[in-house]
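Here the structure comes first, spelled out in structure tokens, and everything after it is commentary.
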Amino acid sequence: MTPVAGVAFLDAVPSVDPFALMNAVGLVAFAVVGSLKAMEADLDVFGVAVLGVLTALGGGVTRDVLVGRIPVALQSTTDVGVVLFGVALAVSLRRWRSRRLRDHTVLLLADAVGLAAFAATGALVGVDAGLSTFGVVTLAALTGVGGGSISDVLLDRVPAVLREDFYATPAVVGGVAFWVAVRLGVAPGTAVLPCAALVFALRLLALRYEWGLPTV
Amino acid sequence: MTPVAGVAFLDAVPSVDPFALMNAVGLVAFAVVGSLKAMEADLDVFGVAVLGVLTALGGGVTRDVLVGRIPVALQSTTDVGVVLFGVALAVSLRRWRSRRLRDHTVLLLADAVGLAAFAATGALVGVDAGLSTFGVVTLAALTGVGGGSISDVLLDRVPAVLREDFYATPAVVGGVAFWVAVRLGVAPGTAVLPCAALVFALRLLALRYEWGLPTV
Amino acid sequence: MTPVAGVAFLDAVPSVDPFALMNAVGLVAFAVVGSLKAMEADLDVFGVAVLGVLTALGGGVTRDVLVGRIPVALQSTTDVGVVLFGVALAVSLRRWRSRRLRDHTVLLLADAVGLAAFAATGALVGVDAGLSTFGVVTLAALTGVGGGSISDVLLDRVPAVLREDFYATPAVVGGVAFWVAVRLGVAPGTAVLPCAALVFALRLLALRYEWGLPTV
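Protein chains in written order, with the numbering used here: chain A, 2 to 217; chain B, 2 to 217; chain C, 2 to 217.
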């Protein structure tokens, strides 16, 4: 419960265990990415908030619906609070500086943290629900990239993850690794952090070396 | 159970308590709006029916899925009957008169009635399911604007509520008001009608004074 | 359990009762159709796999969510295995021959088999869940055409079934016939094959005589 020095805005997050921290960073980053996309597409202020919220929470909500539970995000106010902070941040940053923020290193890193935390959470929920390998991997990927894809569809675009970029692949690999670890006897709760670290590392390598998938 | 004078087509609706009446008016209006959009986009007759049905029932179906219940609309035949009446009405009206019907005052009023009834129902379902403030407000807005947004996505458009118009905002405000009322001790069943009245009034004011939200 | 002569690739399918066979043929055909669409739209290899999987499994997943059960496809590995075979087949075929494969007679026939099997399964699930006539017909149509429609939306297109073609109509008619049969006392399990046969026959007639629905 000790506040993390230098990350003041996270004082509001109830727990600061490493995974909760990664999750909060991811919620903010995803909200910023979604809001920036919405502002670039000239949505009104309601649309900007909706896109921020959906980018951050849409993957997790879809995941929860698939395993038959009421979405955690709709039962809590904390998550949406963190997300709305991200939306406000995006609006402020955009006013403050005109150049394109979406490729800023800090945002890309925070986004990779979010992808990692969300993919690991998705795999955990899939294992808890007794899904097959395919189900576990699907939930890992969906929790990681579902929110951004929903936002792309609402903005009348083909989801970026389907076209280009090495973005969903780390989540898929993380889901497979999580499933293998659990099959080898690792406790699901213990597998979460290494799984997230793997996703994060793959995503960083992809950014650094500009990895992409081929078309066929 | 006494028929309402001058609203003959609603005699078929099983109950005429004020809220059921508002709901039926909304189903017809939303079905008309959805069918007109589909006809303007040159969909075939199946597409027109699907768009009418989805515009009217899609928000409620999504809401029910989110709270883990089998959608009411799929368990009843009454609602879809009212909706198909709306689809038939739209087809007839379009043949009978050529000028654009979507801005007709009667349709705008009926649509506002529907928005009000749907938003209030959504808030009620959210409170019943024990959701957070955010969850209750989300269900109010989603029940009100979800069907139209699904239709827009199927027609390959950015949902209108995200771009312009003061349409989702009354539903959001209604959801907040509902939640506050329930927290202050008002019985949820009692809060439904005043909440719907508030949404309706805000929507009428928005139409009258051409309110819109700013972009950022 | 005897393998079916001449359909070697289906030896891997655990059961070869006629309906499971139809279902497997449908999974392969739908996966091929989805992957071809994705390749034509220049998606990367992940996008091609996702579109193949969603086209084949998306309708059934949506159906399961609507009746409140965890999607069968996420609890099994067999189905996705058959689907990924279809994706690999599409990739190989496209490399092997350059001309457009989507109108090949074998693919159109296999696709019609899939539509029939999926629509009948959807109607059965709807009856099992105690849905209304409307609910049963909706699940029949959704299971048959939902996956393809989701794919179209992801590719930023109006779903083809809403615009043209006599494709959803056989599924709707099959759903109505299934519901009538069950109401007349036919056991749901017994009604599945005749229902699928009806859908298949209607779809073949539509292809042969180029049936379409009018616009209004």
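All C-beta atoms, glycine included, are put in the ideal place defined by N, C-alpha and C.
(message) Taking the alpha-carbon of Gly35(A) as reference, which of Phe179(A), Ala50(A), Val138(A), Gly123(A) has the nearest alpha-carbon?
(response) Ala50(A)
(request) Run the CB neighbour count on Val181(A), radius 10 Å, all protein chains shown included, and call it buried at 16 or more, exposed below. (result) exposed
(request) Following the continuous alpha helix (DSSP H) through Arg70(C), name the residue where it begins and the one where it ends. (result) That residue, Arg70(C), is in no alpha helix (DSSP H); it is neither H nor E in DSSP.
(message) If the cut-off is 8 Å on Cβ atoms, which residues from the stretch 31–60 of chain A count as contacting chain B, listed in chain order?
(response) Ala39, Met40, Ala42, Asp43, Leu44, Asp45, Val46, Phe47, Gly48, Val49, Val51, Leu52
(request) Please list, in chain order, all residues of the same chain as Ala1(C) whose beta carbon is under 7 Å from its beta carbon, the five residues on each side excluded. (result) As displayed, chain C neither begins before 2 nor continues past 217, which places residue 1(C) out of reach and without an answer.
(request) Indicate whether at least one CB of chain C lies closer than 8 Å to the CB of Ser77(B). (result) yes
(message) Alpha carbons only, please: which of Phe179(A), Gly53(A), Asp45(A) is nearest the one belonging to Val86(A)?
(response) Sequence inspection shows Phe at residue 86(A); the Val mentioned does not correspond to that position. Checking every option, the nearest Cα to that of Phe86(A) belongs to Gly53(A).
(request) Residues of the stretch 117–145 of chain B with a CB closer than 9 Å to any CB of chain A: list them in chain order, please. (result) Gly127, Ala130, Gly131, Leu132, Ser133, Thr134, Phe135, Gly136, Val137, Thr139, Leu140, Ala142
(message) Applying the 10 Å Cβ sphere with the 16-neighbour rule, what's the burial state of Ala1(C)?
(response) In the structure displayed, chain C extends from 2 to 217; residue 1(C) sits before or after that span and is not available.
(message) Considering only DSSP beta bridges, list what Asp45(B) is partnered with.
(response) Thr216(C)
(message) With H, G and I counted as helix, E and B as strand and the rest as coil, what does DSSP make of Gly186(A)?
(response) coil
(request) Could you give the DSSP three-state label for Ser150(C): helix, strand or coil? (result) helix
(message) Using a Cβ-Cβ cutoff of less than 6 Å, which residues in the same chain neighbour Thr3(C) once the five nearest sequence positions on both sides are dropped?
(response) For Thr3(C), the predicted structure reports a pLDDT of 40, less than 50, and the residue's modelled location is therefore unreliable. The matter cannot be settled from this model.
(request) State the DSSP-derived secondary structure class of Ala130(C), mapped to helix, strand or coil. (result) coil
(request) With 8 Å as the threshold, decide whether the Cβ of Pro160(C) is near any Cβ in chain A. (result) no
(message) Would you say Val68(B) lies against chain A (beta-carbon separation less than 8 Å)?
(response) yes
(request) Could you give the DSSP three-state label for Asp1(C): helix, strand or coil? (result) No answer is possible for residue 1(C): the residues shown for chain C start at 2 and end at 217.
(request) Taking a Cβ distance cut-off of 8 Å, strictly less, list which residues of the stretch 165–192 of chain C are near chain A, in chain order. (result) none
(request) Compare the C-beta of Val14(A) with all C-beta atoms of chain B and state if any pair is closer than 8 Å. (result) Unreliable placement is indicated for Val14(A), whose pLDDT of 44 sits below 50; the coordinate value is still reported in the next sentence. Taking Cβ atoms only, chain B never reaches closer than 8 Å to Val14(A), which makes this a no.
(request) Rounded to whole angstroms, what's the CA-CA distance from Leu205(A) to Leu110(A)? Just pull it up for me. (result) 8 Å
(message) Pop quiz: Leu163(B) and Leu44(A) are said to be a contact at Cβ under 8 Å. What is the actual Cβ separation, rounded to whole angstroms?
(response) 5 Å
(message) Determine, for Leu155(B), whether the minimum Cβ-Cβ distance to residues of chain C falls below 8 Å.
(response) yes
(request) Give the interface partners of Val81(C) over in chain A, defined as CB-CB distance under 7 Å, in chain order. (result) Phe135
(request) Report back the beta-carbon spacing between Leu199(A) and Gly175(A) to the nearest angstrom; my notes put them in contact at under 8 Å. (result) 5 Å
(message) Under 8 Å, Cβ to Cβ, is there at least one residue of chain A near Val217(B)?
(response) yes
(message) Give me the chain C residues within the contact set of Leu214(A), using Cβ-Cβ distance strictly less than 7 Å, ordered along the chain.
(response) Asp45, Val46, Phe47
(request) Since I believe Val33(B) is in contact with Ala130(B) (beta carbons under 8 Å), could you give me their beta-carbon distance rounded to a whole number of angstroms? (result) About 30 Å; that fails the 8 Å criterion.
(message) I want to see whether chain C comes within less than 8 Å of Met2(A), judged by CB atoms only; does it?
(response) Note that Met2(A) scores a pLDDT of 36, beneath 50, so its modelled location is shaky and nothing firm can be said.
(message) Can you check whether the C-beta of Val29(A) is within less than 8 Å of a C-beta belonging to chain D?
(response) No chain D is part of this structure, whose protein chains are labelled A, B and C.
(request) Determine, using beta carbons only, whether Val92(A) comes closer than 8 Å to chain B. (result) yes
(message) Quick check on this structure: which residue in Arg64(C), Lys38(C), Arg70(C), Glu211(C) has the alpha carbon closest to the alpha carbon of Arg103(C)?
(response) Lys38(C)
(request) Under the assumption that Ala172(A) contacts Val137(A) (Cβ atoms under 8 Å), give the Cβ distance between them as a whole number of angstroms. (result) Not really, about 12 Å apart at Cβ, beyond 8 Å.
(message) Run through chain C and tell me which residues come within less than 8 Å of Leu163(A), C-beta to C-beta.
(response) Ala39, Leu44, Asp45, Phe47, Gly48, Val51, Leu52, Leu155
(message) Going by DSSP in three states, Val5(C) sits in which element: helix, strand or coil?
(response) In this prediction, Val5(C) scores a pLDDT of 41, lower than 50, which makes its location untrustworthy; the coordinate-derived value is nonetheless stated afterwards. In this structure, Val5(C) counts as coil in the three-state DSSP scheme.
(message) Please list, in chain order, the residues of the stretch 192–212 of chain C that have any C-beta partner in chain A closer than 9 Å.
(response) none
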